[in-house]
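Asker: Below are the structure tokens for one structure; questions will follow.
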Amino acid sequence: MITVIGSLNYDLVTFSRRCPRAGETLQGEQLEEHLGGKGLNEAIATARLSVTKGHVRMWGNVGDDEHGKKMVAALKEARVDTGLVSVLPGVSSGSATIIVETESGENRIIIIPGANGELKPNDEQLAANFKDSQPGDFVVLQNEFPGVRKVIEWLHANKPDVSVVYNPSPVRDDLLDPELLNKVAYLVVNEGEAEQITGRSGGEKDLLAALHQLLPRPTLIITLGARGCIFQSGETVESVAGVKVRNVVDTTGAGDTFLGAVVSQLYFGADLARAVEFATAAASVVIQRKGAAESIPEYSRIALRN
Ligand code: RIB
């Protein structure tokens with residue numbers, strides 16, 4: 001079983017040639033609504049990018065509103081088990097305001113947690129929800145809910161056979177703590193996050209070496225945007241080049257898709273290099289389409305190319 005714990009957001013996306021400067025009013029090109037949230041994106045990516053379905057579940061919260069209903073329906077359609085998604089009365093679903101610059105596809109995101117802000121798993125819930133866990137199971141985490149530290153520490157202490165895959169995004173200073181990060185099995189960060197954790201800057205190989213010195217336990221993956229990624233398991237360092245894309249439309253959800261794809265590959269027995277290569281290809285598809293969750297491809301689309 002793969003359990004994704006985290007956020008579900010309703011994304012309000014403005015496409016504009018560029019972002020306005022402070023005090024400036026700009027006419028944009030389009031306003032669209034999409035489904036997102038790092039947790040929901042990861043869950044849908046993990047399910048869609050798996051060779052068979054039925055082994056992914058999501059643990060999160062939505063509000064008692066239309067957005068929440070749509071997000072739960074999208075998860076179900078992707079064959080994600082939503083039994084652990086709670087509908088909170090009197091609370092709004094999480095949302096994100098996103099500006100995508102159409103010249104580059106780059107985004108800027110502000111999240112409002114809403115129901116995600118109430119996701120605080122406690123000992124009893126964790127014990128109940130992981131009572132049937134098995135070696136080989138995965139848990140996928142990011143930072144869009146308040147209970148991240150609790151989940152990592154509880155799983156480390158109680159379910160050491162479950163692999164925790166963690167993307168510490170959006171960055172929270174209190175969670176860039178080496179003692180905590182050493183408790184996960186896989187840490188996936190971008191260059192900026194790696195620099196913040198290590199306090200170092202410089203070339204990607206030096207950055208990875210510094211990260212490994214600080215965090216000897218986890219398998220480490222540093223994503224490098226269009227340049228691909230570099231990764232280390234034990235003492236083995238490898239890299240995968242980025243996939244060349246002619247037209248970057250919207251980068252939203254690419255990182256979440258990468259994470260979900262890596263996990264789906266590892267779960268079915270791929271080695272790390274294969275998992276990262278597959279995930280790089282999947283993320284390259286997402287950035288050529290608008291929206292986060294809706295742009296995530298199915299397994300067959302990526303497997304046939306690779
Ligand atoms: O990673 C992309 C996601 O970040 C968006 O879907 C948005 O909801 C925010 O959570």
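Residues in the sequence shown are numbered from 1 upward in steps of one, following UniProt numbering.
Cβ atoms here follow ideal geometry from the backbone N, Cα and C, with glycine treated the same way.
Taking C-beta to C-beta, are LEU214 and THR198 nearer than 7 Å?
Answerer: Going by C-beta atoms, LEU214 is nearer than 7 Å to THR198.
Asker: Could you spell out where the alpha helix (DSSP H) holding ALA74 opens and where it closes?
Answerer: Note, ALA74: alpha helix (DSSP H), 66-77.
Asker: Closer than 8 Å is the cut-off here; do at least three beta carbon pairs connect the segment 115-130 with the segment 59-68?
Answerer: With the cut-off at 8 Å, the segment 115-130 and the segment 59-68 touch.
Asker: Since GLU29 and THR82 are thought to touch, with beta carbons under 8 Å apart, how far apart are those beta carbons, to the nearest angstrom?
Answerer: No, GLU29 and THR82 are not in contact; Cβ-Cβ is about 34 Å, not under 8 Å.
Asker: Please determine if the segment 171-187 and the segment 141-153 are in contact, where contact requires at least 3 C-beta pairs separated by less than 8 Å.
Answerer: Yes, the segment 171-187 is in contact with the segment 141-153.
Asker: Closer than 6 Å between the C-beta and any heavy atom of the ligand RIB: which residues qualify, listed along the chain?
Answerer: Matched residues: SER7, ASN9, ASP11, GLY36, GLY37, LYS38, ASN41, ALA96, ILE109, ILE111, GLU144, THR252, GLY253, GLY255, ASP256 and ALA292.
Asker: Go ahead and label VAL122 buried or exposed: buried means 16 or more other beta carbons lie within 10 angstroms of its beta carbon, across all protein chains shown.
Answerer: The residue asked about is misnamed: residue 122 is Asn in this sequence, not Val. With fewer than 16 Cβ atoms within 10 Å of its Cβ, ASN122 is classed as exposed.
Asker: What residue ranges within the segment 73-161 form continuous alpha helix (DSSP H) runs of no fewer than 4 residues, ordered along the chain?
Answerer: Entirely contained in the segment 73-161, the alpha helix (DSSP H) runs reaching 4 residues are, in chain order, 123-129 and 148-158.
Asker: Quick check on the burial criterion: 16 or more other C-beta atoms within 10 angstroms. Buried or exposed for THR280?
Answerer: Buried, by the Cβ-count rule.
Asker: Could you give the first and the last residue of the continuous alpha helix (DSSP H) run that contains GLU191?
Answerer: Counting along the chain, the alpha helix (DSSP H) containing GLU191 begins and ends at 191-198.
Asker: I'd like the list of long-range same chain contacts for LYS159, defined as Cβ closer than 6 Å, with 5 residues on each side in sequence excluded.
Answerer: For LYS159, where only same-chain residues beyond five positions count, the Cβ hits under 6 Å are PHE130 and SER133.
Asker: Less than 6 Å between C-beta atoms, sequence neighbours within five positions excluded: which residues of the same chain meet that for SER239?
Answerer: If we look at SER239 and ignore the five residues flanking it on each side, its Cβ neighbours are ILE230.
Asker: Give the DSSP bridge partners of GLN30, in chain order.
Answerer: In the DSSP output, where bridge partners are listed per residue, GLN30 has PHE15.
Asker: Shortest alpha-carbon distance to residue 310 belongs to which of ARG274, ILE109 and PRO135?
Answerer: Outside the displayed range of the chain (1 to 306) lies residue 310, so it cannot be described from this structure.
Asker: Could you check where the beta strand (DSSP E) with LEU220 kicks off and where it finishes?
Answerer: Note, LEU220: beta strand (DSSP E), 219-223.
Asker: What residues are listed by DSSP as bridge partners for GLU238?
Answerer: Paired residue(s): PHE231.
Asker: Roughly how many angstroms separate the alpha carbons of VAL100 and THR14, rounded to a whole number?
Answerer: One C-alpha to the other measures close to 6 Å.
Asker: Where in the segment 271-305 do unbroken runs of the alpha helix (DSSP H), each at least 4 residues long, occur, reported from the N-terminal end onward?
Answerer: 272-286 and 299-305, all fully within the segment 271-305.
Asker: Suppose the cutoff is 7 Å on Cβ atoms and the five residues either side in sequence are ignored; what does the same chain contact list for VAL148 look like?
Answerer: Here the set comprises LEU141 and LEU175.
Asker: Which residues mark the beginning and the end of the beta strand (DSSP E) in which ALA163 is found?
Answerer: First, the residue type needs correcting, since residue 163 is Ser and not Ala in the sequence shown. Element bounds for SER163: 163-166.
Asker: Return the Cβ separation of GLN232 and LEU208 in integer angstroms, given the expectation that the two are a contact with Cβ distance under 8 Å.
Answerer: Confirmed, about 6 Å.
Asker: If we count the other Cβ atoms within 10 Å of its Cβ and call it buried at 16 or more, is ALA73 buried or exposed?
Answerer: By the 10 Å Cβ count, ALA73 comes out exposed.
Asker: Compare the Cα-Cα distances from SER295 to each of GLN125, VAL237, LEU49 and GLN27 and report the closest residue.
Answerer: Considering only alpha carbons, the answer is LEU49.
Asker: Under 7 Å, do ILE222 and ALA254 count as touching if we go by C-beta distance?
Answerer: Not a contact, by the Cβ cut-off of 7 Å.
Asker: For the candidate residues LEU12, THR257, PRO89 and TYR10, whose alpha-carbon lies nearest to that of GLN288?
Answerer: Comparing Cα positions, the closest option is THR257.
Asker: Which runs of the alpha helix (DSSP H), 4 residues or longer, sit entirely within the segment 31-62?
Answerer: DSSP runs (the alpha helix (DSSP H)) wholly in the segment 31-62: 38-48.
Asker: When the Cα of ALA270 is compared with those of GLY36, ASP250, VAL51 and SER7, which residue comes out closest?
Answerer: Measuring from the Cα of ALA270, the nearest candidate turns out to be VAL51.
Asker: In terms of residue numbering, what span does the beta strand (DSSP E) encompassing THR25 cover?
Answerer: No beta strand (DSSP E) holds THR25; DSSP gives it neither H nor E.
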